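S.K.:
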Amino acid sequence: MATRGAAGPFPGPDPSLPKLDPCRPSELLSPTMLTANELRSKYIEFFKTKGHAEISGKSLIPENDPTVLFTTAGMHPLVPYLLGEPHPAGKRLVDYQKCVRTGDIDEVGDPAHLTCFEMLGNWSLGDYFKKESLAWSWEFLTDPAWLALDPLRISVTVFAGDENAPRDEYSAECWASIGVPVNRIAYLPASDNWWAAGATGPCGPDSEIFWWVGEGLPPALSNKGSDPGNWMEIWNNVFMEYNRVDEKTLVRLPAQNVDTGMGLERTVTVLQGKTSVYQTEIFAPVISAICTAANYEYGKDEEKDRSVRIVTDHIRSATFIIGDPKGPLPSNVGAGYVLRRLIRRAVRHGRKLGIEGTFLVRPATAVIDNFLGAYPELEVNRAKILEGLDAEEVKFLETLKTGEHEFEKMLPNLLKNPSKVMSGRLAFKLYDTYGFPIELTEELAGENGMKVNRAEFDEAFKKHQELSRAGADQLFKGGMADTSDVSVRYHTATHLLHRALKNVLGEHVNQKGSNITSERLRFDFSHGAPMTAEEVAKVQAIVNEQIGRDLAVTMTMMKLDEAKASGATALFGEKYEETVKVYTIGDFSKEVCGGPHVERSSLLGKFRVQKEQSSAAGIRRIYAVLE
Ligand code: SER
Numbered sequence: 363m364a365t366r367g368a369a370g371p372f373p374g375p376d377p378s379l380p381k382l383d384p385c386r387p388s389e390l391l392s393p394t395m396l397t398a399n400e401l402r403s404k405y406i407e408f409f410k411t412k413g414h415a416e417i418s419g420k421s422l423i424p425e426n427d428p429t430v431l432f433t434t435a436g437m438h439p440l441v442p443y444l445l446g447e448p449h450p451a452g453k454r455l456v457d458y459q460k461c462v463r464t465g466d467i468d469e470v471g472d473p474a475h476l477t478c479f480e481m482l483g484n485w486s487l488g489d490y491f492k493k494e495s496l497a498w499s500w501e502f503l504t505d506p507a508w509l510a511l512d513p514l515r516i517s518v519t520v521f522a523g524d525e526n527a528p529r530d531e532y533s534a535e536c537w538a539s540i541g542v543p544v545n546r547i548a549y550l551p552a553s554d555n556w557w558a559a560g561a562t563g564p565c566g567p568d569s570e571i572f573w574w575v576g577e578g579l580p581p582a583l584s585n586k587g588s589d590p591g592n593w594m595e596i597w598n599n600v601f602m603e604y605n606r607v608d609e610k611t612l613v614r615l616p617a618q619n620v621d622t623g624m625g626l627e628r629t630v631t632v633l634q635g636k637t638s639v640y641q642t643e644i645f646a647p648v649i650s651a652i653c654t655a656a657n658y659e660y661g662k663d664e665e666k667d668r669s670v671r672i673v674t675d676h677i678r679s680a681t682f683i684i685g686d687p688k689g690p691l692p693s694n695v696g697a698g699y700v701l702r703r704l705i706r707r708a709v710r711h712g713r714k715l716g717i718e719g720t721f722l723v724r725p726a727t728a729v730i731d732n733f734l735g736a737y738p739e740l741e742v743n744r745a746k747i748l749e750g751l752d753a754e755e756v757k758f759l760e761t762l763k764t765g766e767h768e769f770e771k772m773l774p775n776l777l778k779n780p781s782k783v784m785s786g787r788l789a790f791k792l793y794d795t796y797g798f799p800i801e802l803t804e805e806l807a808g809e810n811g812m813k814v815n816r817a818e819f820d821e822a823f824k825k826h827q828e829l830s831r832a833g834a835d836q837l838f839k840g841g842m843a844d845t846s847d848v849s850v851r852y853h854t855a856t857h858l859l860h861r862a863l864k865n866v867l868g869e870h871v872n873q874k875g876s877n878i879t880s881e882r883l884r885f886d887f888s889h890g891a892p893m894t895a896e897e898v899a900k901v902q903a904i905v906n907e908q909i910g911r912d913l914a915v916t917m918t919m920m921k922l923d924e925a926k927a928s929g930a931t932a933l934f935g936e937k938y939e940e941t942v943k944v945y946t947i948g949d950f951s952k953e954v955c956g957g958p959h960v961e962r963s964s965l966l967g968k969f970r971v972q973k974e975q976s977s978a979a980g981i982r983r984i985y986a987v988l989e
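The opening position of the sequence shown corresponds to residue 363 in our numbering, with each subsequent residue numbered one higher.
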């Protein structure tokens, strides 16, 4: 499915194949047996030989993007460049990017979904286009010097055309001239072959590459279009020529770009001749740690295997989220709330496996040890990850104990009700008073032959939820960066605010987080005490003064060292390229930043601080609006 990209739903194991033990190497034919680490390096190396500059993957927590809580696709951090900003590293880029997509959080656990995955990506920003992109994908996949995959097990799809864009005959011709047989090239509609990360933003037709997971070689007349169940998507080449401005408007981008994403977990699975990502070394040590804690042998019971997979997936996500340089700890808002849900769901499934005490630390350690080469931040944040997970686990276990106890107290009365329906109001009380999850109430009710009135619960839930939490729920679905005028204005205002805070409170003030919606900006910064009313007023006045001066906002590219030496503010913990963009607002502010920004400060309007409050120990938070 095109909108999910290369790491979306994963076709389950083919039941006709022998059942594999995920903790043991596969008995199936293994074409090259590359590990995930080796695949990552080979991919980067290959695209370097094609003139691409390696850029570093970005944080899982996007800055200044009001529409998503996490980096949801490899291209996400590249959005401004796909929209036309020049990239400091050039026009051909390659990287690997950790991603978190929680849109399907409640479905994860069947073998088909991962909430955390890695994308290998290469980009052309108005440089090469379809022909080179497809030829290089093919070369990397099939050339004996690279992945040496059997061309006979590959099929491709191209866009069939609709009212937005023409049928992509050119890509089909490219594939045919490379040697892909015509009966392995399928034209599919936009639902399959149009990629857009969100409701707005860069998008375009794509060409997807599939691997035959069926038994033996695919039949002669076969492609994804005719036999979808047996073809697994491993790579997606998106030809981003368009920008969706709103529901009705699709405009051409200034340049024809390429955005490709290869799902690391899936491709490793293919390379190792396996049928499920959970059978690879990516997950095996984690599965093994969970099975040890549960004293369970994987493969004995399908229901339990599913729980093991859920725990495995969620612990990996939680480890990556907390271990991110900007990673939150579990909380009730935003990304911290998603994290809390992931951890709590892992704990619940741990209990289904018979684990009674805390256990998350060991599998999380396995994740850290397995990935610290590619993601050194996991090692740097080892203590934060393990302590954060453990604390949340302890807290949740207490919640569960209290909730179950309260449910038992309610039970005799509930059983008297002939309708066998527990009121949503009562279920909500368990949730609201004791934090007891509705899913567990439903489970306990089910065990006692009852149902919960979910509609009533949902209604009560909606009424009482804090706005921010409800907002977080919406964001699960994940949109894409909308670089609308409003966001851009708020982004520039954030730079003014950052500098004004430093001027008023001192140079120790540093940005700790930023979040922009179309209604306001939120800015977290290091400062040890609440701001006084005078300080707030002063900061506000300074920002408005700079707006009034109609300062020009300009961008220059320089080496990171040079930028720092010139006094530009750079964010601590942020990974930068060697060459960076520096945005200057008149003589007032200078920051290393990816943009975009407005051209003149006067475009911002009137700046007003709404609230100054604590965010965390030593960190203050400001909400402000432009009027
Ligand atoms: N954006 C596309 C995807 O995520 C290709 O990188 O599948």
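Built from N, CA and C at the ideal position, the CB exists for glycine as well. Bear in mind the structure is a predicted one, so any value in this text is a computation, not a measurement.
1. If you reduce the DSSP assignment to three classes, tell me which class S584 lands in.
2. Within the same chain, show all residues whose beta-carbon is closer than 8 Å to that of D912, passing over the 5 residues directly before and after it, in chain order.
3. Under 8 Å between the Cβ atoms of R707 and I672?
4. Would the C-beta of A582 count as close to the ligand SER, meaning under 7 Å from any of its heavy atoms?
5. Quick one, which of E525, E603, V518 and C536 has its alpha-carbon nearest A558's?
6. Could you pull out every unbroken beta strand (DSSP E) segment of at least 3 residues lying fully inside the region 599–666, listed in chain order?
7. In the DSSP assignment, find the unbroken beta strand (DSSP E) run with C536 in it and report its ends.
8. Counting along the chain, where does the alpha helix (DSSP H) carrying T803 start and finish?
9. What does the alpha-carbon distance come out to for the pair R983 and R970?
10. If we call anything under 8 Å between Cβ atoms a contact, is V944 one with A927?
11. To the nearest angstrom, how far is the alpha carbon of V575 from that of T631?
12. Give every residue of the same chain whose Cβ lies closer than 6 Å to the Cβ of F682, excluding the five residues on either side of it in the sequence, and list them in chain order.
13. For the beta strand (DSSP E) containing W485, list its first residue and its last residue.
14. Note down, in chain order, each residue of its chain lying with its Cβ closer than 6 Å to the Cβ of E974, except the 5 sequence neighbours on either side.
15. Go to T941, then tell me how far its beta strand (DSSP E) extends in each direction, as first and last residue.
16. Of the residues S679, G685, Y458 and Y532, which one's Cα is nearest the Cα of H438?
17. Tell me the DSSP secondary structure of K926 in three-state form.
18. Just curious, the alpha helix (DSSP H) that R454 is in, first and last residue?
19. Could you give the first and the last residue of the continuous beta strand (DSSP E) run that contains S976?
20. Measuring only from the beta carbon, is D621 closer than 7 Å to any heavy atom that is part of the ligand SER?
21. Would you mind stating whether T998 and Y796 have Cβ atoms separated by less than 8 Å?
22. Count the other CB atoms within 10 Å of the CB of T411; is the residue buried (16 or more) or exposed (fewer)?
23. State yes or no: is the C-beta of G452 nearer than 7 Å to some heavy atom of the ligand SER?
24. Determine the closest residue to R851 out of M917, I878 and V871, with distance taken between C-alpha atoms.
25. Per the contact definition of three or more C-beta pairs closer than 8 Å, is the region 509–525 in contact with the region 585–603?
26. Note the first and the last residue of the continuous beta strand (DSSP E) segment covering M917.
27. Looking only at its chain, what residues have a beta carbon closer than 6 Å to the beta carbon of G689, apart from the 5 residues adjacent to it on each side?
28. Just to confirm before moving on: does the CB-CB distance between N545 and S499 stay below 8 Å?
29. Measure the alpha-carbon distance for N732 versus P725 and round it to whole angstroms.
30. Terminal residues of the continuous alpha helix (DSSP H) containing Y443?
31. Taking only heavy atoms of the ligand SER into account, decide whether any of them is closer than 7 Å to the Cβ of M812.
32. Sorry if obvious, but does the Cβ on W593 come closer than 7 Å to a heavy atom of the ligand SER?
33. Taking the continuous alpha helix (DSSP H) assigned at S495, which residues delimit it?
34. Please state the DSSP three-state secondary structure of V430.
35. Measuring alpha carbon to alpha carbon, tell me which of D489, G436, H857 and P442 ends up nearest G413.
36. What is the rounded straight-line gap between the Cα of F819 and the Cα of M812?
M.R.: A quick look at the data gives this:
1. DSSP places S584 in coil when its eight states are reduced to three.
2. Correct list, in chain order: R962, S963 and S964.
3. Yes, these two residues count as a Cβ contact at 8 Å.
4. No, Cβ of A582 sits at least 7 Å from all heavy atoms of the ligand SER.
5. Comparing C-alpha distances from A558 to each of E525, E603, V518 and C536 shows the shortest one belongs to E603.
6. Within the region 599–666, the beta strand (DSSP E) runs of at least 3 residues that lie entirely inside it are, in chain order, 612–625.
7. Unbroken run through C536 is the alpha helix (DSSP H), E531 to I540; no beta strand (DSSP E).
8. For T803, the enclosing alpha helix (DSSP H) has its first and last residue at I800 to E809.
9. Annotation: R983 to R970 spans about 14 Å, alpha carbon to alpha carbon.
10. No, Cβ-Cβ distance for V944 and A927 is not below 8 Å.
11. For V575 and T631, the distance between alpha carbons rounds to 10 Å.
12. Cβ neighbours of F682 beyond the five flanking positions: K460 and C478.
13. C478 to S486 is the span of the beta strand (DSSP E), which, as asked, contains W485.
14. The beta carbon of E974 sits closer than 6 Å to those of M893, V898 and I984, all from its chain and outside the five residues before and after it, given in chain order.
15. T941 -> beta strand (DSSP E) spans T941 to I947.
16. The residue with the shortest Cα to Cα distance from H438 is Y458.
17. Shown here, K926 sits in a helix according to DSSP, grouped into three states.
18. It is not in any alpha helix (DSSP H) - R454 instead sits in the beta strand (DSSP E) that spans R454 to V462.
19. Element bounds for S976: F969 to A978.
20. Answer for D621: yes, Cβ within range of the ligand SER.
21. Lying before the first or after the last residue shown, residue 998 is absent from the chain, which here runs from 363 to 989.
22. Exposed.
23. Taking the Cβ of G452 as the reference point, every heavy atom of the ligand SER lies at 7 Å or farther away.
24. The option with the nearest alpha carbon to R851 is I878.
25. Between the region 585–603 and the region 509–525 there are three or more inter-stretch CB-CB distances shorter than 8 Å, so the stretches are counted as touching.
26. Here the beta strand (DSSP E) through M917 covers V915 to K921.
27. Excluding the 5 residues flanking it on each side, G689 has same chain C-beta neighbours closer than 6 Å at I683, in chain order.
28. Against a cut-off of 8 Å, the Cβ pair of S499 and N545 comes out as no contact.
29. Roughly 10 Å between the two C-alpha positions.
30. Run containing Y443: V441 to L444, per the alpha helix (DSSP H) assignment.
31. No, the Cβ of M812 stays beyond 7 Å of every heavy atom of the ligand SER.
32. W593 has its Cβ no nearer than 7 Å to any heavy atom of the ligand SER.
33. Membership of S495 in the alpha helix (DSSP H) is indicated by the continuous run K492 to T504.
34. Three-state result, V430: coil.
35. Cα-wise, what sits closest to G413 is D489.
36. When rounded, the distance between both Cα atoms is 15 Å.
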